[in-house]
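Trainee: Mind having a look at this structure? Questions to follow.
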Amino acid sequence: MSAVTKAVIPAAGLGTRFLPATKAQPKEMLPVVDRPAIQYVVEEAVQAGIDDILIITGRGKRSLEDHFDRNFELEHQLHEKGKDEDLIEIRQLADLADIHYVRQGEALGLGHAVSIARKHVGDNPFVVMLGDDIMVDGAELLTSMIAAYQEQHASIIALLEVPHEDIGSYGSVRPEPVSDRLVKVLDIVEKPEPADAPSDLAVVGRYVLTPEIFDALEGVQPGYGGEIQLTDALAVLAATQGVYGYTFDRGRYDIGMKIDFLRATVELALQREDLGPPFREFLRDLARSEGW
């Protein structure tokens with residue numbers, strides 16, 4: 027069985043939830059503390075053993091490519107000013123992995139974005155990582171999902187239990203328990219009404235997929251929102267070769283939501299040795315002054 031060494035990161039969305047901040051810059055480049063959101067995703071992939079990354083981009087996304095490329099003028103200035111630590115960090119960005127880019131000409135849904143990766147991925151298993159979902163867990167979830175793929179020889183999707191009233195914002199699965207964290211997906215529905223949802227287990231932004239997903243995507247019709255839904259193609263695989271879900275309960279920030287973006291910024295800053303102590307003291311002072 028082929029090792030999982032390729033990742034696809036769809037990053038062609040317009041980021042309308044963060045307008046006007048995303049009018050002239052990609053949402054994936056919004057900083058969470060002091061690094062853009064997409065850098066967290068790429069670093070997670072590398073931690074999980076991925077060394078070949080394809081980023082699906084769109085119009086106005088050139089800064090994504092620039093971020094992971096060399097900038098010799100900046101490097102020269104950092105060297106001249108003796109900022110060696112910054113220089114090392116900037117150079118390492120270009121060496122994280124083999125990063126490739128392809129454009130999604132029209133935003134026709136997540137399934138369509140994934141289908142664009144077919145030529146690059148070929149007949150290999152691969153990971154799909156959504157840039158809106160930052161996982162801060164040392165790549166524990168993704169590594170575990172890849173291990174589950176090696177055991178089950180089938181696609182693995184990340185599942186998170188969400189409040190019942192929120193399940194309509196996600197894909198929802200009907201699970202059959204297999205082991206402590208693993209379930210077999212018997213059915214999967216995109217954005218159901220809560221009363222019709224098969225469970226409160228939501229499909230969130232990490233997938234380990236077999237290459238058969240591409241044939242499934244070719245066969246599905248536009249679904250929810252008139253878009254090609256990855257969920258619908260996964261339902262096809264679930265009925266043929268099988269799909270499994272790996273459940274988890276920590277480490278995720280949905281930075282496509284403003285409140286989670288703020289939560290990620292605060293919590294990740296508090297974890298930093300250089301920022302945590304003074305920032306924590308600031309928050310204590312703020313809480314006291316506001317009477318919280």
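Residue numbers for the sequence shown follow the numbering used here, so the first one is 27 and each next one is one higher.
Note that the Cβ used here is the ideal one computed from N, Cα and C, for glycine as well.
#1: If you draw a straight line from the alpha carbon of Ala265 to that of Gly271, how long is it in whole angstroms?
#2: Within a Cβ cutoff of 6 Å, which residues of the same chain sit near Tyr175, ignoring the five residues on either side of it in sequence?
#3: Rounded to whole angstroms, what's the CA-CA distance from Ser315 to Arg298? Just pull it up for me.
#4: Taking the Cβ atom as the reference point for each residue, do Leu186 and Asp275 lie within a distance shorter than 8 Å?
#5: Quick check on DSSP: helix, strand or coil for Ile116?
#6: Rounded to a whole number of angstroms, what is the C-alpha to C-alpha distance between Asp60 and Lys145?
#7: Looking at the structure shown, is Lys87 part of a helix, part of a strand, or coil, going by DSSP?
#8: Would you grab the beta carbon distance between Leu136 and Gln255 for me? Rounded to a whole angstrom, and I think it's under 8 Å.
#9: Measuring straight from C-alpha to C-alpha, what distance separates Ala37 and Leu80?
#10: Can you give me the start and stop residues for the alpha helix (DSSP H) that Val140 sits inside?
#11: Compare the Cα-Cα distances from Leu212 to each of Leu227, Thr169, Ser170, Val269 and report the closest residue.
#12: Under the three-state reduction of DSSP, which class applies to Lys32: helix, strand or coil?
#13: Short of 8 Å in beta carbon distance, which residues of its chain neighbour Leu100, apart from the five on each side in sequence? Order them along the chain.
Mentor: According to the structure shown:
#1: Mapped onto the sequence shown, residue 265 falls at position 239. Mapped onto the sequence shown, residue 271 falls at position 245. Between Ala265 and Gly271, the alpha-carbon positions lie close to 14 Å from each other.
#2: Numbered from its first residue, the sequence shown carries residue 175 at position 149. Cβ neighbours of Tyr175 beyond the five flanking positions: Ile182, Val234.
#3: What you label residue 315 is simply residue 289 of the sequence shown in a count that begins at 1. What you label residue 298 is simply residue 272 of the sequence shown in a count that begins at 1. The straight-line gap from Cα to Cα measures roughly 24 Å.
#4: Mapped onto the sequence shown, residue 186 falls at position 160. Mapped onto the sequence shown, residue 275 falls at position 249. Yes, Cβ-Cβ distance for Leu186 and Asp275 is below 8 Å.
#5: As a first step, residue 116 is located in the sequence shown; it is residue number 90 there, counting from the start. It is helical.
#6: Locating residue 60 in the sequence shown gives position 34, where the first residue counts as 1. Locating residue 145 in the sequence shown gives position 119, where the first residue counts as 1. Going from the Cα of Asp60 to the Cα of Lys145 covers about 34 Å.
#7: Taking the first residue of the sequence shown as position 1, residue 87 is located at position 61. In the three-state DSSP reduction, Lys87 falls in the coil class, being neither helix nor strand.
#8: On the sequence shown, residue 136 is found 110 positions in, with the first residue counted as 1. On the sequence shown, residue 255 is found 229 positions in, with the first residue counted as 1. With 8 Å as the limit, Leu136 and Gln255 qualify as a contact, their Cβ atoms being about 7 Å apart.
#9: On the sequence shown, residue 37 is found 11 positions in, with the first residue counted as 1. On the sequence shown, residue 80 is found 54 positions in, with the first residue counted as 1. About 10 Å.
#10: Taking the first residue of the sequence shown as 1, we reach residue 140 at position 114. Run containing Val140: 136 to 141, per the alpha helix (DSSP H) assignment.
#11: Taking the first residue of the sequence shown as position 1, residue 212 is located at position 186. Closest option to Leu212, Cα to Cα, is Val269.
#12: Along the sequence shown, one-based indexing puts residue 32 at 6. Reduced to three states, the DSSP call for Lys32 is strand.
#13: For the purposes of this step, residue 100 is taken as residue 74 along the sequence shown, with counting starting at 1. Once the five neighbours on either side are set aside, the close Cβ partners of Leu100 are Ile116.
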